[in-house]
Structures are given as C-alpha cells and as structure tokens.
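Note sheet for the following structure.
2 protein chains.
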Amino acid sequence: MSVKKQPVTASDVARLAGVSQSTVSRVFIDGSSVSATAREKVFAAAKELNYRPNAFARSLTTNESRLIGLVFPDSDYPIHMETLQLLSKELQKNGYSAVLIPWELDDQQQHSIPNIFQYRVDGVMAASAQFNTALYEECRDFNIPIVQFARIEEGTKCSSAISDNYSAGKIAARTLVQRGAEQLAYLTGNIPAYTNTERLEGFTEELQSLTGQTPRDIQTSYVYEEALDGIRAVLAEDHHPDAFFCSTDTLAIALMDIARSEFGLSIPEDIQVIGFDDIPQASWLGYQLSTFKQDFNRLAKEAVKLLLNQVQSEDRALVKLMIPVELVERNTLRK
Amino acid sequence: MSVKKQPVTASDVARLAGVSQSTVSRVFIDGSSVSATAREKVFAAAKELNYRPNAFARSLTTNESRLIGLVFPDSDYPIHMETLQLLSKELQKNGYSAVLIPWELDDQQQHSIPNIFQYRVDGVMAASAQFNTALYEECRDFNIPIVQFARIEEGTKCSSAISDNYSAGKIAARTLVQRGAEQLAYLTGNIPAYTNTERLEGFTEELQSLTGQTPRDIQTSYVYEEALDGIRAVLAEDHHPDAFFCSTDTLAIALMDIARSEFGLSIPEDIQVIGFDDIPQASWLGYQLSTFKQDFNRLAKEAVKLLLNQVQSEDRALVKLMIPVELVERNTLRK
DNA sequence: CTGAAAGCGCTTACAG
DNA sequence: CTGAAAGCGCTTACAG
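Listed below in structure tokens is the structure:
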C-alpha cells in the first residue's frame, strides 16, 4: 500500500552526524546556538540524506504555519497573473508560502472555506478580489489578520495596500481640463468598490475646483461585451461627453472600439480617454491608450510587509497604505 | 507575546461532548465507525467550540498533506486566471488545497524550491508554465507525482492533460485550404514547446496530404511588442502568405494590427487568420478573430483527476490525455 | 462502537 | 554548546 518512500527525519540525520536530534533541529533554526563543528557535521549528513525539516511537525510545536491564505481574483483581468507571481515570490522571500483560497464555491460554500482553516494559515491576503463575508468572519473568529491588496471591500475592516485612486482621479480631471475637454464623464462598471468611489471623488472634486462643473457618472458593466450597449447609449446622445475617465482599460477600449467603428469618432480629436491599469492591450497598435499604471511591484511588497507585520507582532492596528500611481501618456489625449 | 488565541483541540471537544478524544477524531474521519449518538454529541460540541481538526497534526500521522504544489504561469496570459480558479476549485472539491510554487526565483533559486517541500506536498500540478529542472528533479527524488497542465515541457516524463494540438493543426490547415488559401504559414513564438510542435505537425501533415505543399514556419516572439518586427518583415515580402495559423491569439492580433494599419490589408479578403486560445480580446469589436477554444474546464477536471489518482494509488503509469479543441469562427476566415 | 496509549517529527525549556 | 525528555494535536492498532 504505502510504497511512499519513508521520509528522512531529524533523527536519521542525527545518527549519521553523530549528534543528538535536538542539535539537528537547532541547526535549522536561525539564531540557535550550535557549534561550528556540529553545524557542519549536520549539514553534511542532511545533504547526504537529502533531509528537509518537516514543516507540519514544526508548526505543531511553534503554533505558526508560515502559510498565508491567498484569495485571488475572480476575473480574467490580464494584470492579475503577474500580481500573483509578485505576491507569491514576496511571501517566499520571507519564508512563507501561499495557499489558494478559491473565492467562490458553487455548492458547498459553507463547507469549503473552513477546510482551508484546517491548515491554520497565519494570515490572509485578499488579492484584488471580492471576498465573501463567510471568510471574513472566519478570520475574525480565529484572529487571523487579513490584508487587502489593491482593493477594499465594502463593510470590512482590515489593513490594505492600494493605489492612490483619489489622486488618480484628480490628475485625470486636471489633465483632461488642461487638454481642452469640456464635458467630462467617469465611466465605470457595476460592482461597487471603495477604490472606485475614491477615484470618482478625486475626479469630481478636482473638476469642481477647476471649473465648477460636476462630471457625469456613467455606470455599465466591467465585462467588455456587456458594457457595449451602455456606451452606445451615451455616444448616441446629441451632446455626449467629450472626455472619459474610465475605471478600467477594458472599459476604455470598449469605448474606443464603439466610438470609432460605430460613431465615426476620432480619438483624441473628438473624444479624449484615460484608462486605468495599463494592461498589455493598452499599448497595442490600435489603441495606444493613455492610462494609469499601478505600481504592483511596490503594492505587493508593501502588502506582504503589512501582513507579515501583523502576523508576527500581533499588532492589529489598521493601516491603509496608498501607493502613487503614474499616468502614462499615449495617444488618446490631445497635446 | 503569543496573544494568539489558543486553538481548540479534539480534547476540548471530547470533554464537552463527554466522549474520548479518539471518538472525536473518528467523527471527522470518513468511514470510521461511530454511533449516531456519539456523532451528534461531538458535532454539537465541535460547533459550539468552533472546532477545526488540525491538518498538520493529521498529516503527521497519516503521512499525507492533502496539499498540491501549483507551478503557475509566468506570463500575463489572460486565460490563466480562470484556469487557476478551475484547478483550485477542483482540488478543493476533492479535499485538497493548492500551494503556490513560484516558478522562478531570481536570487536564491537553489534555496527556495526545497522550502516548498518542507510542506510535503502530495503532488505537483505544473499549470501551463515552464517549470525548472530543479523542481522536476526534486519531485523525482521524493517520489512526488507531477502532472502537466495544458503543456508539456521538453525532457520531462510526467503525465499530462493537454489540448489536442495535433488535431487543431489539421483542422486549421483543412479549413484554410477549403476557404481558398494558397500560401499557408504557421506563426509562432520563440519558446520551444511540445504542444507547439504537435500543432505544426498536424498543420503540415494535413496541408501536405491535401495539396502537397509545406507550410512556412515563422518564428517570432510571444510578446506583442517583440513580435511586431518579425511580422512586418513577412508582410513586406512580395509574395507573403495569404493565410496564417497563429499559435496564440496575441500573435494573431499583432498580425491583424500590422496587416491593416501598416499594409492596408483587409481581413479576411487579403489574408485569413486563425488564432489559438480564444482570449477575451479575440471577440473584441476590432478583431472578431476565428480561433481555437481550449476546454479548460475539462482540462482542469481531468488533470486533477490524473494527479490525485497518482497520489492516492501510487500508480506512476504515464498518461497523456488529449482533450478536443473547438474552432470558433468569427470574421477572419472567408465564407 | 469505544477508550487508553503509542507514535508521527519536530521545538523548547531544563539541566549540565 | 548540547542532550534527554516533554509536548504539540492528531490517527490508529489494540483491547474490550
């Protein structure tokens, strides 16, 4: 039955190295006092036997797993794969590993989330995804810290590392006004999000302070196909906006596609557009979209730092970290 | 220091339920014989105390972790996020969880992969990414089964669930010939892959049997920006191909962008194109790309089944599972 | 069906 | 600096 090769243990290494099992254990714990000779003998034996300390046994005594639960994006949003790599690597660098928590489980929703907690994750990273309240409450019950990455879920109270959406909104308004736009609109999807609200707030406040106007707030869908009709309706109006700040690049691209192919509009002559995210498609030949680039690298580093800090210090102070965002100009803004 | 709430254990539950700790343990193991009354008392107590069996303690005795290492894609390829969800859910359904293995670690490459093995993953799923040989060898040393998902790495011997690339190649050739194409080309990136080879083989063999011709094999880069020059060079030729089968949709789109904007070519009148993957962008208004859709849902299910089968049965027979692929026609093929 | 007890592979006071 | 021993929270023969 169990043909599985019997794993080598610290005792095996101890025997070969001629030391006690305790000593072997100490060699693999940073900061333990072990003589240089003992250390060498143990390393040699460990290498010969291909020994790896058993993390499960360790966590049983230390009561920490060095495992972080990762709630990850629900959508195919192109930027997210890289983000996951960044987070995973950053955790790894700090001696932690990421366990995936599927955010949505069709059937046995009740059943599956707790499963993850059988692994006693030390913390949870909610990576730019909606995460359900069951998970949130579970974490609170077990006093497991959560950090939200790149977005903030309504009604939750946890630390977060997000882009400075408010400033992005201000910059977008200022830039568009500078380039001669007269009727500004904010184009967004249908999923309420704190980041979105902030962006609109910055956009609105800056526009008001500059011109006294209030931008139009147009809501449609985040899915390309589903956004099309909403956009059509707006562009069909006699006095449609001449400048759009879009909450995702995909939305901006849907807008460009329709504006050009169905309304014969030129960009940026007839309408100007600014996106958000800088997905790979933003720089495709047919788009050359001016958009905000989020600093995911920094975001990942900071989010991990935030989380591990809470994990290690038991300090549950809430911090909301805002990372600056950069407007990369391509060809959808007038000069 | 350790303010961490002391987790509740099986003994706590046993005390409250008025049974032995063994009985509590049995209640949470499927197939153990426990009386209905005992079971109920334990469930009640467990619920009241919010008890979760400790997976680490379990795996220490059972010698299985119910953890699967997941090597995941290096690229921003849009299709992959969904794939990850599918794999993760499928594992979860079977009582397993996925731990991420960052495929590439800049500095301490040697050091980090073994770290993962401190968690004694029961198996490894290599999800459409290149995975390095260090990991491969590590798995072999520890007798940990690997299944490759959606691609096959050169020089490795493990089971895999992939799309039927060979047939896709044949279908592409047949379709293109049927639609009047005369000079067929296969456009691909610069990373050698078994799946790619198979696709070209099917494409070539079918074309030869149909017309006696051999398709041109054009290699450029998988990255949009880097592919542009190679594509330009081909289209600048006097007698460039009039039909392209592209190994990714991104490549197909780069081709379309250049053909139309720089060479004034119409699609599908002047050139016909077929992509591979059916990424969301393939159905954007400006592209309407005819392309092959991989059945990722089925692929994920089968790959997980394959892997867990190896994990649970110690059966290390190599199986290469091929899932049919579907050509979805849009507007880049003549009628 | 059930309980007492050994054991999984570590860490960590406790002595020395 | 080092070893013997207890203990982490489970599972699993072994008796009953």
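Those protein sequences? They're chains S and H, same order as listed.
Using the working numbering, you'd call the opening residue of the first sequence number 2 and step up by one each time.
Using the working numbering, you'd call the opening residue of the second sequence number 2 and step up by one each time.
Note that CB positions come from ideal geometry on N, CA and C, so glycine has one too.
Considering residue i, what are the terminal residues of the beta strand (DSSP E) in which it resides?
i: Asp278 (chain S); result: 273-278
i: Ser291 (chain S); result: 291-294
i: Thr189 (chain S); result: 185-189
i: Asp218 (chain S); result: 217-220
i: Phe73 (chain H); result: Careful: Phe73 (chain H) lies outside any beta strand (DSSP E) and carries neither H nor E.
i: Tyr128 (chain S); result: Looking at the sequence provided, one finds Ala at residue 128 (chain S) rather than Tyr. Looking at the DSSP string, the run of the beta strand (DSSP E) that includes Ala128 (chain S) is 124-128.
i: Lys321 (chain S); result: 321-324
i: Glu327 (chain S); result: 327-329
i: Ala162 (chain H); result: 160-164
i: Val14 (chain S); result: Taken as a continuous stretch (DSSP letters only), Val14 (chain S) belongs to no beta strand (DSSP E), being part of the alpha helix (DSSP H) at 11-18.
i: Gln149 (chain H); result: 147-150
Grab the span of the alpha helix (DSSP H) containing residue i for me, first residue to last.
i: Thr84 (chain S); result: 81-94
i: Cys140 (chain H); result: 134-142
i: Ala99 (chain S); result: No alpha helix (DSSP H) contains Ala99 (chain S), which is instead part of the beta strand (DSSP E) from 98-102.
i: Ala283 (chain H); result: Run containing Ala283 (chain H): none; DSSP gives neither H nor E here.
i: Ser262 (chain H); result: 250-264
i: Phe44 (chain H); result: 37-50
i: Phe297 (chain H); result: 297-314
i: Ala58 (chain S); result: 56-63
i: Ile30 (chain S); result: Note, Ile30 (chain S): premise wrong, no alpha helix (DSSP H); not H, not E.
i: Val235 (chain H); result: 225-236
So residue i contacts chain H; which residues on that side make the cut at Cβ distance below 7 Å?
i: Ala186 (chain S); result: Simply none; closest approach about 20 Å.
i: Phe118 (chain S); result: Arg53
For residue i, which residues in chain S fall below 9 Å Cβ to Cβ?
i: Arg121 (chain H); result: Pro8, Arg53, Asn55, Ala56, Phe57
i: Pro242 (chain H); result: Within 9 Å Cβ-Cβ: nothing; Pro242 (chain H) doesn't reach chain S, min ~20 Å.
i: Ile259 (chain H); result: Leu286
Quick one: Cα of residue i to Cα of residue j, how far?
i: Asp107 (chain S); j: Ile259 (chain H); result: With a pLDDT of 49 at Asp107 (chain S), under the threshold of 50, the modelled position of this residue cannot be trusted, and the question is left open.
i: Leu328 (chain H); j: Thr134 (chain S); result: 40 Å
i: Asn298 (chain S); j: Asn95 (chain S); result: 16 Å
i: Thr10 (chain H); j: Phe29 (chain H); result: 13 Å
i: Arg331 (chain H); j: Lys48 (chain S); result: 57 Å
i: Gly19 (chain H); j: Gly32 (chain S); result: 44 Å
i: Phe246 (chain H); j: Asp142 (chain S); result: 54 Å
i: Glu206 (chain S); j: Ser89 (chain S); result: 37 Å
i: Glu65 (chain S); j: Ser291 (chain S); result: 45 Å
i: Asp116 (chain S); j: Ser262 (chain H); result: Before going further, note that residue 116 (chain S) is Asn rather than Asp in the sequence given. Taking the straight line joining both Cα atoms gives about 53 Å.
i: Gly156 (chain S); j: Phe132 (chain S); result: 11 Å
i: Gln109 (chain H); j: Ala56 (chain S); result: Note on Gln109 (chain H): pLDDT 45, under 50, position unreliable in the model; the coordinate value appears next. Cα-Cα distance, rounded: 19 Å.
i: Ser248 (chain S); j: Leu334 (chain S); result: 16 Å
i: Ser26 (chain H); j: Val122 (chain S); result: 21 Å
i: Lys42 (chain S); j: Pro8 (chain S); result: 20 Å
i: Leu61 (chain H); j: Lys302 (chain H); result: 28 Å
i: Thr84 (chain H); j: Gly203 (chain H); result: 26 Å
i: Ile232 (chain S); j: Val178 (chain S); result: 22 Å
i: Glu138 (chain H); j: Arg59 (chain S); result: 25 Å
i: Pro281 (chain S); j: Tyr225 (chain H); result: 8 Å
i: Ala39 (chain S); j: Leu322 (chain H); result: 50 Å
i: Ser12 (chain S); j: Asn51 (chain H); result: 36 Å
Given that residue i touches chain H, what residues does it touch there, using C-beta distances under 9 Å?
i: Phe73 (chain S); result: Met82, Leu85, Gln86, Ser89
Inspect the beta-carbon positions of residue i and residue j and report whether they are closer than 8 Å.
i: Ile324 (chain H); j: Asp165 (chain H); result: yes
i: Ala151 (chain H); j: Phe293 (chain H); result: no
i: Tyr120 (chain S); j: Val148 (chain S); result: no
i: Cys159 (chain S); j: Leu319 (chain S); result: yes
i: Glu91 (chain S); j: Val305 (chain S); result: yes
i: Met126 (chain H); j: Met82 (chain S); result: no
i: Gln273 (chain S); j: Ala182 (chain S); result: yes
i: Arg67 (chain H); j: Ser98 (chain H); result: yes
i: Leu71 (chain S); j: Ala128 (chain S); result: yes
i: Asp218 (chain H); j: Leu229 (chain H); result: no
i: Asp250 (chain S); j: Asp279 (chain S); result: yes
i: Tyr223 (chain S); j: Ile192 (chain S); result: yes
Please compile the residues from chain S whose C-beta is within a distance smaller than 8 Å of the C-beta of residue i.
i: Ala99 (chain H); result: Val100, Leu101
i: Ser262 (chain H); result: Leu286, Gly287
Under 7 Å Cβ-Cβ, which residues of chain S neighbour residue i?
i: Asp142 (chain H); result: Asn51
i: Tyr225 (chain H); result: Pro281, Trp285
Below 7 Å, is the gap between the Cβ of residue i and the nearest heavy atom of the ligand MN?
i: Ser23 (chain H); result: The ligand MN is not part of this structure, which contains no ligands at all.
So residue i contacts chain H; which residues on that side make the cut at Cβ distance below 8 Å?
i: Ser60 (chain S); result: Phe57
i: Ser66 (chain S); result: Phe57
With a cut-off of 8 Å, do at least 3 Cβ pairs link the segment 235-247 of chain H to the segment 186-194 of chain H?
-> Result yes; three or more Cβ-Cβ pairs closer than 8 Å.
Would you call the segment 249-257 of chain S and the segment 220-240 of chain S touching, i.e. three or more CB-CB distances under 8 Å?
-> yes
Would you check if the segment 271-288 of chain S and the segment 304-311 of chain S touch, i.e. whether three or more CB-CB distances between them fall below 8 Å?
-> no
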